[in-house]
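A.B. asks: This is the structure, below, for whatever I ask next.
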Amino acid sequence: MSDLAKQFDSSSSWKGHLQLEYQQRGSRTVISRRRQIGPLNVQRPFYPEEAVCHTYLLHPPGGVVAGDSLKVDIKSLGNSRALVTTPGATKFYRSLGKTAYVDQQLQIEDGAMLEWLPQENIFFPGSQAQINTDIHLQGSARCIAWEMQCFGRPALQERFSTGCILGRTRVYRDNKLVLNERLAKQGFDQHQSCAGMRDYPMLATMIISSDDTQLFESLNESLQKINAGISPKRLILGITCVDGLIVVRAMAVYSEDILRAYVKMWQITREHWFGVIPLAPRIWAT
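Under my numbering, the first residue of the sequence shown is numbered 13, with each subsequent residue one higher.
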């Protein structure tokens, strides 16, 4: 089916549910449990860092269409270390009325680390989607999570002229809500664009589960250097501390600029935690 046909065809909606459980076994983390319904799947794990289980999450072939309902449940057991990303951008196609739903539940037990680092979501003009992400941290659990949203296709000079994207991100620490953010993006409105996203087509948030002052200062120093080295017409970064979390926000024209900045933040955090600078997944360079 062509891309154009996918934009209009909601009769073949996907219903998908993927459950993953990570567990430490010996010197490395493995997927100890996997349950799959529908098109959501993962590739065979990679071990470029030996101890960390790198996993590529595969969405429905070609993208997400109107009426799709996708749920991802990930649980990281104590002392496990896992990284989850996607092999490419996830595309949300045009809808004639139905909404696509994506629900992502991440549970990280005491002593575990989970990195939720998908590539960007691209929302075609006319798409309608609701994306909810909940992160549950227990005890000393560590998490680095980012989500990058692209409204329209800036490389083609195509604006997000119609459609509606709703999002919610919540973070819990020991069952207490510490972060609750919402996104509501309507089809292009000049006033809303200038007041909110300042006419940037991309919006991103990175969450790091730490209130370490030294780490925050290192991240802020790097962020200021990145901001100084690139035109604000292309990329703007900001960093804050929120109830035991470090939050790095970005607005940009191109996803590559955000990814490059976020990878730097990720590497600084990992080195601070474990004393080693991690190698970025090769898929991010393709």
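Glycine included, each C-beta is placed from N, C-alpha and C at the ideal position.
Quick one: what does DSSP say Lys245 is sitting in, helix, strand or coil?
C.D. replies: It is coil, neither helix nor strand.
A.B. asks: Roughly how many whole angstroms lie between the Cα atoms of Pro72 and Gln119?
C.D. replies: So the alpha carbons of these two residues sit roughly 23 Å apart.
A.B. asks: Excluding the five sequence neighbours on either side, which residues of its own chain have a C-beta within less than 8 Å of the C-beta of Ser44, listed in chain order?
C.D. replies: Excluding sequence neighbours, Ser44 sits near Glu33, Tyr34, Gln35, Arg37 and Leu89.
A.B. asks: Thr67 by DSSP, collapsed to three states: which one?
C.D. replies: Strand, per DSSP.
A.B. asks: Answer with buried or exposed for Gln140, where buried requires no fewer than 16 other C-beta atoms within 10 angstroms of its C-beta.
C.D. replies: Gln140 should be labelled buried.
A.B. asks: Would you report the Cα separation of Ile134 and Ala101, rounded to the nearest angstrom?
C.D. replies: Ile134 and Ala101: Cα-Cα distance of roughly 7 Å.
A.B. asks: Take Ser243 as the anchor and find which of Cys253, Leu231, Thr225 and Asp269 has the nearest alpha-carbon.
C.D. replies: Ranking the options by Cα distance to Ser243, first place goes to Asp269.
A.B. asks: Taking 8 Å as the cut-off, decide whether the C-beta atoms of Ile49 and Gly28 are in contact.
C.D. replies: For Ile49 and Gly28, yes; Cβs fall inside 8 Å.
A.B. asks: With the cut-off set at 8 Å, would you say Thr67 and Val54 are in Cβ contact?
C.D. replies: In contact: Thr67 and Val54 (Cβ atoms closer than 8 Å).
A.B. asks: At the level of alpha carbons, what is the spacing between Gln169 and Ser107?
C.D. replies: Going by the C-alpha atoms only, they are around 20 Å apart.
A.B. asks: Does Gly287 pass the burial test, meaning 16 or more other C-beta atoms within 10 Å, or should it be called exposed?
C.D. replies: Classification of Gly287: exposed, given that the 10 Å Cβ count is below 16.
A.B. asks: If you compare alpha carbons, which of Pro130, Glu159 and Cys176 is closest to Phe136?
C.D. replies: Phe136 has its Cα closest to that of Cys176, out of Pro130, Glu159 and Cys176.
A.B. asks: Can you tell me which of the three DSSP states Ala297 falls into?
C.D. replies: Looking at Ala297 - three-state DSSP - the assignment turns out to be helix.
A.B. asks: Does the distance between the C-beta of Ala297 and the nearest non-hydrogen atom of the ligand ATP fall short of 7 Å?
C.D. replies: The ligand ATP is not part of this structure, which contains no ligands at all.
A.B. asks: Alpha carbon to alpha carbon, what distance is there between Pro99 and Gln226?
C.D. replies: So the two alpha carbons sit approximately 33 Å from each other.
A.B. asks: List the endpoints of the continuous beta strand (DSSP E) containing Lys302.
C.D. replies: Outside the shown range of the chain (13 to 298) lies residue 302, about which nothing can therefore be said.
A.B. asks: Is Gly164 buried or exposed, if buried means 16 or more other CB atoms sit within 10 Å of its CB?
C.D. replies: Answer is buried; the Cβ neighbour count reaches 16.
A.B. asks: Taking Ser81 as part of the beta strand (DSSP E), name the residues at either end of that continuous run.
C.D. replies: First-last of the beta strand (DSSP E) with Ser81: Ser81 to Ser88.
A.B. asks: State the DSSP-derived secondary structure class of Trp285, mapped to helix, strand or coil.
C.D. replies: Trp285: helix per DSSP, three-state reduction.
A.B. asks: Span of the alpha helix (DSSP H) holding Phe228?
C.D. replies: Here the alpha helix (DSSP H) through Phe228 covers Thr225 to Ala240.
A.B. asks: Alpha carbon to alpha carbon, what distance is there between Asp122 and Arg154?
C.D. replies: Computed Cα separation, rounded: 8 Å.
A.B. asks: Is Ser273 near Ile238, with beta carbons less than 8 Å apart?
C.D. replies: The question names Ser, but residue 273 in the sequence shown is Ala. Yes, the pair counts as a contact, with Cβ atoms nearer than the cut-off.
A.B. asks: Please determine, among Leu30, Cys65 and Thr298, the residue with the shortest C-alpha to C-alpha distance to Met125.
C.D. replies: The shortest Cα separation from Met125 among Leu30, Cys65 and Thr298 belongs to Cys65.
A.B. asks: Considering only residues of the same chain and omitting the five flanking positions on each side of Pro166, which have a CB-CB separation below 8 Å?
C.D. replies: Closer than 8 Å at Cβ, skipping near neighbours: Pro213, Met214, Val265 and Tyr266.
A.B. asks: Does the beta-carbon distance from Pro130 to Thr97 come in below 8 Å?
C.D. replies: Going by C-beta atoms, Pro130 is nearer than 8 Å to Thr97.
A.B. asks: Return helix, strand or coil for Ser44, following the three-state DSSP convention.
C.D. replies: In this structure, Ser44 counts as strand in the three-state DSSP scheme.
A.B. asks: Please state the DSSP three-state secondary structure of Trp158.
C.D. replies: Note: Trp158 maps to strand in three-state DSSP.
A.B. asks: Assuming Asp85 contacts Trp26 (C-beta within less than 8 Å), just tell me the rounded distance between them.
C.D. replies: At roughly 17 Å, the Cβ-Cβ gap does not stay under 8 Å, so Asp85 and Trp26 are not in contact.
A.B. asks: Do Trp296 and Thr217 come within 8 Å of each other at the CB atom, strictly closer than that value?
C.D. replies: No.
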